[in-house]
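Below is one structure, written out as structure tokens; the observations come after it.
Protein chains: 10
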Amino acid sequence: MNRDELTSQILDAKRAKGLTFTELAEQLGADRLWATAALLGQHPFTEEQAAKLQDLLGLPAEAAPLLTEVPMRGSFDTLPPTDPTIYRLYEVLQVYGPAIKQLIHEDFGDGIMSAISFNADVTREESEDGPRVRITFDGKFLPYKW
Amino acid sequence: MNRDELTSQILDAKRAKGLTFTELAEQLGADRLWATAALLGQHPFTEEQAAKLQDLLGLPAEAAPLLTEVPMRGSFDTLPPTDPTIYRLYEVLQVYGPAIKQLIHEDFGDGIMSAISFNADVTREESEDGPRVRITFDGKFLPYKW
Amino acid sequence: MNRDELTSQILDAKRAKGLTFTELAEQLGADRLWATAALLGQHPFTEEQAAKLQDLLGLPAEAAPLLTEVPMRGSFDTLPPTDPTIYRLYEVLQVYGPAIKQLIHEDFGDGIMSAISFNADVTREESEDGPRVRITFDGKFLPYKW
Amino acid sequence: MNRDELTSQILDAKRAKGLTFTELAEQLGADRLWATAALLGQHPFTEEQAAKLQDLLGLPAEAAPLLTEVPMRGSFDTLPPTDPTIYRLYEVLQVYGPAIKQLIHEDFGDGIMSAISFNADVTREESEDGPRVRITFDGKFLPYKW
Amino acid sequence: MNRDELTSQILDAKRAKGLTFTELAEQLGADRLWATAALLGQHPFTEEQAAKLQDLLGLPAEAAPLLTEVPMRGSFDTLPPTDPTIYRLYEVLQVYGPAIKQLIHEDFGDGIMSAISFNADVTREESEDGPRVRITFDGKFLPYKW
Amino acid sequence: MNRDELTSQILDAKRAKGLTFTELAEQLGADRLWATAALLGQHPFTEEQAAKLQDLLGLPAEAAPLLTEVPMRGSFDTLPPTDPTIYRLYEVLQVYGPAIKQLIHEDFGDGIMSAISFNADVTREESEDGPRVRITFDGKFLPYKW
Amino acid sequence: MNRDELTSQILDAKRAKGLTFTELAEQLGADRLWATAALLGQHPFTEEQAAKLQDLLGLPAEAAPLLTEVPMRGSFDTLPPTDPTIYRLYEVLQVYGPAIKQLIHEDFGDGIMSAISFNADVTREESEDGPRVRITFDGKFLPYKW
Amino acid sequence: MNRDELTSQILDAKRAKGLTFTELAEQLGADRLWATAALLGQHPFTEEQAAKLQDLLGLPAEAAPLLTEVPMRGSFDTLPPTDPTIYRLYEVLQVYGPAIKQLIHEDFGDGIMSAISFNADVTREESEDGPRVRITFDGKFLPYKW
Amino acid sequence: MNRDELTSQILDAKRAKGLTFTELAEQLGADRLWATAALLGQHPFTEEQAAKLQDLLGLPAEAAPLLTEVPMRGSFDTLPPTDPTIYRLYEVLQVYGPAIKQLIHEDFGDGIMSAISFNADVTREESEDGPRVRITFDGKFLPYKW
Amino acid sequence: MNRDELTSQILDAKRAKGLTFTELAEQLGADRLWATAALLGQHPFTEEQAAKLQDLLGLPAEAAPLLTEVPMRGSFDTLPPTDPTIYRLYEVLQVYGPAIKQLIHEDFGDGIMSAISFNADVTREESEDGPRVRITFDGKFLPYKW
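Protein chains in written order, with numbering that gives the first Met the number 0: chain A, 0 to 145; chain B, 0 to 145; chain C, 0 to 145; chain D, 0 to 145; chain E, 0 to 145; chain F, 0 to 145; chain G, 0 to 145; chain H, 0 to 145; chain I, 0 to 145; chain J, 0 to 145.
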């Protein structure tokens with residue numbers, strides 16, 4: 000069994016039990032965006048989380064140790080992503096990516112926003128015009144340092 | 000003259016005058032991330048902004064009308080982007096993109112975050128561990144509606 | 000079971016029962032182009048539609064909840080599409096895409112035709128020269144708005 | 000001089016004279032979507048149109064014969080197109096392309112909508128919800144015929 | 000069962016019975032190049048042909064209705080094709096494609112050779128130098144017509 | 000000067016003199032499809048043809064020796080070709096390529112149609128339904144021979 | 000069963016019986032490089048060779064007729080090949096390919112080395128510096144001939 | 000000036016002086032295949048060779064030092080190569096590459112044929128059937144050695 | 000069974016037994032980086048190592064001979080690699096690759112670092128700033144030698 | 000002027016003055032691998048370094064401010080790199096990349112080697128077998144930290 004096959008089983012079990020990602024995250028005591036990414040195969044779980052998840056979703060015995068291994072990360076075989084909801088994030092990168100780079104350099108000097116020492120958030124904001132999606136990326140600045 | 004050639008001239012003039020993107024944005028009375036993207040060729044300027052920019056940077060007479068045209072948008076010829084600062088944004092998409100999709104659907108139902116009725120921000124946050132880059136995307140939720 | 004596998008089962012059952020997409024759409028009480036896209040895996044169904052479809056086509060019990068989930072959208076692994084009927088739509092994009100963009104900007108200003116707040120139609124028109132295919136895309140105009 | 004270089008000159012002259020594509024089309028006595036595509040290098044002009052265009056925009060003497068040659072058609076070097084306004088048309092293809100194919104086959108049998116014996120239209124419709132973009136493709140049905 | 004899987008079964012049965020494509024075409028009362036393409040999954044059969052084929056090759060009951068459906072056409076996942084026999088056709092396109100376009104325009108004006116109202120032929124010609132392959136494409140000329 | 004640049008000059012001179020490819024081929028005493036391909040940069044000319052062409056089109060002195068060199072052949076940077084007239088040839092390859100391969104093997108055994116010991120033809124045929132394009136490929140059969 | 004699946008079975012049986020490609024070629028009475036390529040799925044076998052191979056390796060009854068069919072040739076899905084031993088052949092092409100083309104043209108005129116009327120060889124040569132791999136390609140020269 | 004631009008100048012001068020690659024190699028006292036590859040930009044020359052070449056072809060003063068620099072090697076922007084003469088070498092790789100790998104491993108064990116400690120040759124052989132191209136690759140065997 | 004399938008089994012067994020790559024390498028008496036690459040399918044094992052591994056991990060009987068075969072090497076289907084830990088190695092290549100080439104040429108002349116007569120190492124170094132990853136590549140210099 | 004054009008000028012001046020990268024690095028008081036990468040356009044220089052470089056190589060006045068800007072990083076347009084010296088680094092990634100990932104995780108846990116807080120080295124080691132290239136990558140370990 001590899002992690003991709005296990006992710007399919009997790010999604011099948013989640014659907015059968017009628018659970019949301021947010022509910023699963025709460026049960027695991029983890030941030031819901033982190034947990035959703037992990038359930039989709041992008042992060043390892045701790046041993047406790049893996050055991051709880053195995054129990055919660057009725058996964059086979061081999062699942063828990065596999066869930067604690069560092070996975071081979073990455074979500075897309077073909078680029079750009081074709082799904083419209085995900086594509087908009089990619090479109091933001093096409094339109095604003097170089098501008099974000101310039102402002103990082105103006106504010107911090109030469110370096111990057113870490114995607115490792117990093118957290119992110121998705122929230123719902125109400126506005127007069129209707130609800131808005133607010134996505135925050137928050138990563139440590141890493142200066143180029145030889 | 001096309002917009003790409005004009006962007007090169009803008010960057011040459013900006014460098015020669017020692018201006019930052021933030022300073023240019025202030026002079027134009029525009030949000031600095033929006034203005035940086037526009038200066039890099041991703042948005043049209045209003046006629047007033049175009050005139051001011053032409054004056055400020057000593058651009059040729061053809062520049063102003065060209066700056067007010069809606070450009071052909073998009074920043075990357077090859078994908079993924081090779082620059083490390085921009086690549087990290089792309090890596091976030093690879094690791095968290097499907098998770099963000101799931102949470103948008105849990106919180107809002109079927110639909111997308113608009114990248115058109117949209118604004119974004121880059122800010123510097125200080126933390127005990129050193130400075131952090133905080134990037135916010137804020138777009139109207141658009142439900143699928145036939 | 001994932002949505003792709005379920006789509007295969009739907010097509011097998013549809014063929015075995017000798018139903019057309021138009022007939023299935025009528026049974027579901029839905030627009031026939033929307034329904035065809037949904038049956039091909041591009042849209043979620045409502046719970047009632049999913050239940051009806053499960054019943055109508057004799058699908059397994061897991062089918063209904065899966066049909067109500069927002070799918071990962073997108074139809075082509077390789078581009079451009081090789082099928083001649085679909086390729087012609089792509090050829091239209093190659094020949095008329097930039098012209099359509101220019102006229103949207105002339106008529107509406109900077110912005111896009113939404114593909115989310117959107118409907119479309121395929122109809123058969125008779126002409127002296129023989130039948131003609133008429134395809135209409137009808138989407139809300141979304142102005143760029145920071 | 001090739002057609003691409005001439006298209007650049009046409010766009011420069013159009014901008015300098017402050018003309019719209021719609022106005023140019025009227026002067027040429029041609030449908031405005033057809034004319035916009037032709038001005039962008041996708042169709043040959045008749046000799047009369049070419050002469051009028053040369054005069055109207057002050058193009059060099061070599062322009063007119065070049066404008067009457069059948070061009071090498073196609074607009075995109077990289078796919079999918081990165082510009083958001085054009086991308087939405089491509090997204091429609093990703094989400095509805097196979098459904099449109101199915102309905103053409105249900106209504107007409109095996110064959111295609113011609114992209115050659117073809118016309119199209121972009122119009123602005125007002126709705127309670129704000130303006131909508133309406134794009135119509137209208138092509139002769141061509142049955143597969145050995 | 001999808002059409003690809005059915006094509007595999009057809010090829011297995013054809014091999015087991017020691018039939019050629021030419022013989023199968025004769026049995027089906029169809030042109031042999033058209034029939035070969037159809038047997039390889041590129042065309043739908045009529046109901047009579049499908050029934051005859053099912054009988055002739057001992058195909059399962061689901062085969063016949065599937066064979067009458069318009070398939071998703073196209074033969075190559077990767078391009079250019081790696082098989083030397085097929086590659087030579089592609090090489091002809093690389094060396095003579097633009098020349099063929101020019102001569103079609105000189106002889107017919109702006110337009111295309113239809114690949115839909117189209118037939119083709121492969122014949123063996125004897126010459127002093129040995130046998131020659133003669134391939135003929137014969138398609139209706141379709142003038143660009145708005 | 001390289002062959003691509005020379006091809007541009009040839010096309011400019013041809014247009015300025017109002018000559019067709021067919022007329023140029025006649026002047027060179029060569030088959031018109033071969034000559035069109037050669038004028039588009041796909042074949043070397045003999046010294047006599049090169050001299051005549053230089054004279055006929057008023058090409059610079061370096062042109063003649065360059066025209067007699069074997070060129071780096073191939074017409075397309077991106078594949079498939081986007082021009083509709085050329086694309087139809089490619090579509091024929093997608094739909095009939097494997098069928099042509101099978102029939103070559105049935106008629107000749109294992110081997111290929113040579114694209115080197117090869118000639119081709121484009122002719123206009125009149126039919127009740129209107130004019131038809133007839134393209135013939137005629138190449139020596141080369142059996143696999145170790 | 001297709002040829003790829005049969006190649007897998009052949010390799011499994013070869014390994015189980017501890018045979019080399021050279022030994023198999025001897026048993027088949029064929030050149031060892033030709034036979035290795037054929038065993039890897041790139042050539043059809045004669046009926047006698049196919050029968051012998053079926054017997055020798057204990058292949059199923061369907062194997063023999065499949066082995067006599069002309070296969071769809073080509074070894075690589077992705078290019079360039081990632082295996083270092085094969086990559087070096089590709090590197091030779093990158094560094095010396097155009098030079099080989101020039102010398103073929105200097106020695107023979109316009110044309111190609113046939114890859115069909117062709118044989119090749121791999122031999123081991125001992126030198127003071129250690130063993131050397133000597134690969135010979137030997138193909139008929141085919142002049143361009145209209 | 001970079002090496003690509005210099006290669007163009009070398010080819011222009013070679014053509015103007017009517018020299019062959021073989022003659023240039025003789026003048027440089029170098030193997031003709033090595034020299035042809037070097038003249039096409041794939042190898043550095045010694046200082047003496049560079050000086051002689053500069054003199055022989057009337058190259059500018061900056062040419063000699065540039066010719067002695069190790070170049071960025073590699074000949075193809077797009078793959079596979081479209082030129083038929085070069086393509087045949089690539090086709091050999093597609094059909095015989097994995098077989099050559101297997102025989103290198105049978106004769107030598109795990110390792111590669113070096114493309115660095117390597118020489119090659121193109122010769123013309125006469126046969127009853129007409130001339131044959133014989134290409135030899137001769138590289139040191141390098142065993143995998145940790 | 001092919002090597003990829005066997006690699007999956009090895010990883011399943013390693014996980015079930017709770018072994019690390021370092022422990023497996025020790026048991027095999029091999030360098031741990033070499034052994035990890037070999038366990039992931041990139042190198043053949045000796046017969047003794049293969050037998051020990053089969054025993055240690057409870058692999059099926061066909062495993063040992065397969066493990067001693069030279070594999071088809073290479074780890075990535077799509078490039079660049081999406082996993083962040085591996086991507087950083089690729090990023091180093093994008094930023095420092097040409098510089099490393101220049102310094103190899105300055106220190107050694109024209110040639111390469113062998114990736115065949117090669118070893119590498121990953122070690123953990125402690126620093127004031129926290130642990131550092133130290134990766135060493137150590138390959139024989141191979142001068143270009145005709 | 001952009002950074003790519005400036006890099007060309009730097010290489011021309013370096014060649015004209017007969018300087019090595021190592022000598023330039025010494026003059027700039029910088030590590031030689033860092034400096035070589037920076038001279039090739041991958042890093043910004045400090046103002047002092049930029050002024051010194053402008054002086055040393057006789058660069059135009061606009062060079063210095065451009066050299067201090069953070070560049071758009073990345074060296075390769077096409078992948079994998081075709082140059083053999085650089086390709087070997089890429090081959091190491093193909094063969095050992097996943098193994099290096101596994102050992103980083105065994106020694107450090109989940110995380111990456113930073114390519115930002117990073118230095119590297121190329122040295123020449125003498126061995127009995129001849130000189131060896133030793134390349135060291137040394138980067139801070141960054142643990143995944145939400």
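Glycine is no exception: its CB is placed at the ideal position from the N, C-alpha and C atoms.
Check: Does the segment 93-112 of chain E come close enough to the segment 72-87 of chain D to have 3 or more Cβ pairs within less than 8 Å?; Outcome: no
Check: Distance check for C/E25 and J/P142, CA to CA, integer angstroms please.; Outcome: 55 Å
Check: Suppose you measure from the CA of B/A63 to the CA of B/Q53; what does that come to, to the nearest Å?; Outcome: 6 Å
Check: Is there a Cβ from chain C that is less than 7 Å from the Cβ of D/T44?; Outcome: Before going further, note that residue 44 of chain D is Phe rather than Thr in the sequence given. With 7 Å as the cut-off, D/F44 does not count as an interface residue toward chain C.
Check: With respect to the beta strand (DSSP E) encompassing G/F140, which residues constitute its N-terminal and C-terminal limits?; Outcome: 129-142
Check: Can you list the beta strand (DSSP E) stretches of 3 or more residues lying completely in the segment 25-83 of chain B, in chain order?; Outcome: none
Check: Beta-carbon separation of C/K139 and D/R133 under 7 Å?; Outcome: no
Check: For C/T35, return the contacting residues in chain E, with the cut-off set at a CB-CB distance below 8 Å.; Outcome: Near C/T35 there are no residues of chain E at all, since even the closest Cβ is about 14 Å away, more than 8 Å.
Check: Verify whether the separation of the beta carbon atoms of F/A98 and E/L32 is less than 7 Å.; Outcome: yes
Check: Given a cut-off of 7 Å, decide if D/A12 and D/L39 are closer than it, judged by their beta-carbon atoms.; Outcome: no
Check: For H/D120, name the three-state secondary structure that DSSP assigns.; Outcome: strand
Check: My understanding is that E/S126 touches F/G96, with C-beta atoms under 8 Å, so please give their C-beta distance in whole angstroms.; Outcome: With a Cβ gap of about 24 Å, E/S126 and F/G96 do not count as contacting.
Check: Taking only the alpha-carbon atoms, compute the straight-line gap between E/A114 and F/L88 and give it to the nearest angstrom.; Outcome: 8 Å
Check: Reducing DSSP to helix, strand and coil, say where J/E125 ends up.; Outcome: strand
Check: Let me confirm a value: F/T35 is counted as buried when at least 16 other C-beta atoms fall within 10 Å, else exposed. Which label applies?; Outcome: buried
Check: If I'm right that G/Q41 touches G/R14 with Cβ under 8 Å, what's the distance once you round it to whole angstroms?; Outcome: Not a contact, Cβ separation roughly 19 Å.
Check: So, helix, strand or coil for D/G110, using DSSP?; Outcome: strand
Check: Does E/A60 pass the burial test, meaning 16 or more other C-beta atoms within 10 Å, or should it be called exposed?; Outcome: exposed
Check: What residue does the alpha helix (DSSP H) around H/K16 start on, and which one ends it?; Outcome: 2-16
Check: Going along chain J in order, which residues have a C-beta closer than 8 Å to the C-beta of B/R14?; Outcome: E61, P64, L65, E68
Check: Could you tell me the distance, in whole angstroms, from the CA atom of I/K100 to the CA atom of A/T6?; Outcome: 42 Å
Check: Establish whether the CB of D/P97 and some CB of chain B are separated by less than 7 Å.; Outcome: no
Check: Is the Cβ of A/E90 closer than 7 Å to any Cβ of chain B?; Outcome: yes
Check: Ignore the nearest five residues each way along the sequence and tell me which others in B/M0's own chain have a CB closer than 6 Å to its CB.; Outcome: E61
Check: Relative to the C-alpha of H/G28, which residue among H/L10, H/G17, H/A49 is closest?; Outcome: H/A49
Check: Which residues in chain H sit within 7 Å of E/L93, going by Cβ to Cβ distance?; Outcome: A quick correction: the sequence has Gln, not Leu, at residue 93 of chain E. The answer, in chain order, is T81.
Check: Nearest-angstrom Cα distance between A/E22 and A/K16?; Outcome: 11 Å
Check: One question on the structure: do H/P43 and H/E68 come within less than 7 Å of each other, judged by their Cβ atoms?; Outcome: yes
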